[in-house]
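In the working numbering, the protein residues as written are 346 to 445.
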């Protein structure tokens, strides 16, 4: 009998890493069945979750959620760039306006 994953975390895989001023970060990409989309999460290695970019299959929009309020803008910019290149429908135009 196969082990079933929790519904909100169907698939995830480790991604790229970044060092910024001595702080090491990594990304985790996965799909979320409950929210119907995909996410790219940023974690500080040896620390905690910092931020998430979520792409909704329903609305075709990107959203950013910050878990760490003091995240350097350079690291957040790197995360958003990674999300654009790795999550579905990258660089799309939604309802006449630019997405993330």
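Ideal placement from N, C-alpha and C gives every residue a C-beta, glycine not left out.
Just so you know, these numbers come straight off a predicted model, no measurement behind them.
Within 8 angstroms, strictly: CB atoms of residue i and residue j
| i | j | result |
| --- | --- | --- |
| residue 374 | residue 360 | yes |
| residue 420 | residue 365 | yes |
Close Cβ partners of residue i (< 6 angstroms) along its chain, the five nearest in sequence each way excluded
| i | result |
| --- | --- |
| residue 438 | Model confidence at residue 438 stands at a pLDDT of 43, short of 50, so the residue's coordinates are unreliable and nothing is read from them. |
| residue 400 | 382, 383, 407, 432 and 433 |
| residue 402 | 381 and 382 |
Three-state secondary structure (DSSP) of residue i
| i | result |
| --- | --- |
| residue 425 | helix |
| residue 430 | helix |
| residue 397 | strand |
| residue 373 | strand |
Beta-carbon contacts of residue i that lie in its chain and below 8 angstroms, excluding the five residues immediately before and after
| i | result |
| --- | --- |
| residue 413 | 389, 393, 394, 395 and 396 |
Neighbour-count burial assignment, residue i, 16 or more Cβ in a 10 Å radius
| i | result |
| --- | --- |
| residue 404 | exposed |
| residue 372 | buried |
Same chain only: Cβ atoms within 7 angstroms of residue i, ignoring 5 sequence neighbours per side
| i | result |
| --- | --- |
| residue 368 | 389 |
| residue 426 | none |
| residue 416 | 395 and 396 |
| residue 347 | A caution first: residue 347 carries a pLDDT of 44, below 50, which makes its placement in the model unreliable, though a value can still be read off. Excluding sequence neighbours, residue 347 sits near nothing in its chain. |
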